[in-house]
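The next block holds one structure in the form of C-alpha cells; read it before the comments.
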DNA sequence: GCACACTATATCGTGTCACGATATACTTTG
DNA sequence: CAAAGTATATCGTGACACGATATAGTGTGC
C-alpha cells in the first residue's frame, strides 16, 4: 500500500472540503465586514441593525431578542445597543406591553445605512452565493465516501 | 395606499431574508464553536488546524498561508500559532526551500482532535446544510423583486 | 561577496469587545 | 405587599486582532 506520495491521511479530502467551505464562508463574512466598515459601521452594529429590521412581524425587537439572534449574552447585547445608540443608528423605546423591556427602533440614519448595506449584500451573495453552495455540497458529497470507513482508525 | 399594518418598509422582505440567512450562518458557526470548545480548543485554533490539514497538496502551510486563509494579519497568525503550539496541537518545522518560512505541522494530538471535529462538522452540515442553502436561495429570489424599485426612495 | 530591496516571521503596546458577576427595575403570583 | 421570576444595566477582566516595529533569510546588481 501507500501508493505514491498520497495516502498520507485518509481524512484529507474531508479536511480539504471543509477548509474550502470555511474559506468561502470567510470570504463572504470578510466582504460583509468590509462593506460595514465602508459605511462607517462596525460589523456587529450592522448585524444588530439587520436583526432589528428583519425581526419577524409580530415580534418586538428587545435586547433579549437581539442577544438571542446574534448569539450574544444579554450584557453584550446591551453594550452593542449602547454603541449603536451612541452613533445614532437606533434608539431605545418603551415597550408598551412590558415596561421592563426595551423596544429597539432604527433611526432614519440607521435605516439608510442598512438599506445600502443590504443592497450590497444582495449583489455580493448573487455573485458568490453559488460558490458557497457548491463548496457546501462538496462537503456533503464527502459523507458518502466516509461511510465505508466508519469505525476504522487511521493507520498509526 | 398604506395597506393595513404593512407597507411600513418596502425593504423589509430583503432584510428578513438576509437576517434569516445570517441566522442560519450563525447557527452553524455557533455549533462549530461549541464543538471546538467541547474538544478543548478555541474556535480559531480549530480553524487553524483545519486550514493546515486542508492545505492544497503542493502548498507548504506557512504562517503567511495561515494568515491568508483565516483572513488574519501576519502577526495575528503568529500569535495563533503560538497558542496552538503551546497546547501541543501543531509545531513549527523548517521549510526546506526557504529558511525564512515556517512549515506548520499538526501533531498527533492535534490531528486526533481535528479528525473528530471534522466528523462532527460533517454531521452538522448534513443536517442543517439544506436549511442554510435554502435561506441563501431565498435571499437571491428577493433580487428579482428588487429590480422594479431600483432608484426609488422609501416614502419619508 | 557585499550593499540593497524584498519577503517571512516575531515582539510589543493598545483598543475593542464579549463575558461573568452583580445590581436595578418591572412583572407575576400568592 | 412580599417573594420569585424576568429584562435590562453596570463594572472589572480577559482574549484576541491589530499597527508599528524588529529580526532573519533570500535574491539581485555590481
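Protein chains in written order, with the numbering used here: chain A, 1 to 156; chain B, 1001 to 1156.
Cβ coordinates follow ideal geometry from the N, Cα and C atoms, glycine included.
Asked                                                                                                                                                                            : Found
Span of the beta strand (DSSP E) holding residue 1099 (chain B)?                                                                                                                 : Neither: residue 1099 (chain B) is in no beta strand (DSSP E) and is coded neither H nor E.
Quick check: the Cα distance between residue 1018 (chain B) and residue 110 (chain A), rounded to an integer number of angstroms?                                                : 16 Å
Would you mind working out which of B:1021, B:1051 and B:1034 sits nearest residue 1089 (chain B), comparing C-alpha positions?                                                  : B:1051
Closer than 7 Å by C-beta to residue 1136 (chain B): which residues in its own chain qualify, once you throw out the five before and the five after it? Chain order, please.     : 1021
Taking a contact to mean a Cβ-Cβ separation below 7 Å, would you say residue 61 (chain A) touches residue 104 (chain A) in this structure?                                       : yes
What number of angstroms, rounded off, separates the C-alpha of residue 87 (chain A) from the C-alpha of residue 43 (chain A)?                                                   : 14 Å
Exposed or buried, residue 1059 (chain B), counting other C-beta atoms within 10 Å across all chains shown (16 or more means buried)?                                            : exposed
Could you please give me the residues that DSSP links to residue 1055 (chain B) through a beta bridge?                                                                           : None, per the DSSP bridge assignment.
Using only alpha-carbon positions, find the residue among B:1095, B:1124, B:1012 and B:1101 that is nearest to residue 1033 (chain B).                                           : B:1124
Counting C-beta neighbours from all protein chains within 10 Å, is the total for residue 1028 (chain B) 16 or more, i.e. buried, or is it exposed?                               : buried
Pull up the distance between the alpha-carbon of residue 114 (chain A) and that of residue 1128 (chain B), whole angstroms please.                                               : 28 Å
Assign residue 121 (chain A) to one of two classes, buried (16 or more other C-beta atoms within 10 Å of its C-beta) or exposed (fewer than that).                               : buried
Below 8 Å on the Cβ atoms is my contact criterion, and I expect residue 1016 (chain B) with residue 1131 (chain B) to pass it. Report the Cβ-Cβ distance as a whole number of Å. : Contact flag wrong, Cβ pair sits at about 15 Å.
Please state whether DSSP places residue 1041 (chain B) in a helix, a strand or coil.                                                                                            : coil
Using the beta-carbon of each residue, which ones in chain A are nearer than 7 Å to residue 1023 (chain B)?                                                                      : 69
What number of angstroms, rounded off, separates the C-alpha of residue 26 (chain A) from the C-alpha of residue 1047 (chain B)?                                                 : 11 Å
Buried or exposed: where does residue 1054 (chain B) fall if 16 or more other Cβ atoms within 10 Å of its Cβ makes it buried?                                                    : buried
With 16 other CB atoms within 10 Å as the buried threshold, where does residue 1001 (chain B) fall?                                                                              : Only weak support is given to the placement of residue 1001 (chain B): the predicted model assigns it a pLDDT of 48, under 50, and the question is left unresolved by the model.
At the level of alpha carbons, what is the spacing between residue 1077 (chain B) and residue 1084 (chain B)?                                                                    : 10 Å
Does the CB of residue 1118 (chain B) have a neighbour CB from chain A at under 7 Å?                                                                                             : yes
Buried or exposed: where does residue 126 (chain A) fall if 16 or more other Cβ atoms within 10 Å of its Cβ makes it buried?                                                     : exposed
Look at residue 1074 (chain B) and residue 1066 (chain B) and say whether their C-beta atoms are less than 7 Å apart.                                                            : no
Cα-Cα, which of B:1040, B:1107, B:1041 and B:1094 is closest to residue 1063 (chain B)?                                                                                          : B:1094
Taking 7 Å as the threshold (beta carbon to beta carbon), is residue 19 (chain A) in contact with chain B?                                                                       : yes
Using the C-alpha atoms, what's the distance from residue 97 (chain A) back to residue 1080 (chain B)?                                                                           : 47 Å
Any C-beta of chain A sitting closer than 7 Å to the C-beta of residue 1046 (chain B)?                                                                                           : no
Does any C-beta atom of chain A lie closer than 7 Å to the C-beta of residue 1051 (chain B)?                                                                                     : yes
Comparing alpha-carbon positions, which option in A:56, A:49, A:13 and A:35 lies nearest residue 107 (chain A)?                                                                  : A:49
Taking the C-alpha atoms as reference points, what is the distance between residue 133 (chain A) and residue 1140 (chain B)?                                                     : 12 Å
Taking a cut of 8 Å between CB atoms, which residues from the segment 1092-1103 of chain B lie near chain A?                                                                     : none
Tell me the DSSP bridge mates of residue 93 (chain A)?                                                                                                                           : A:103
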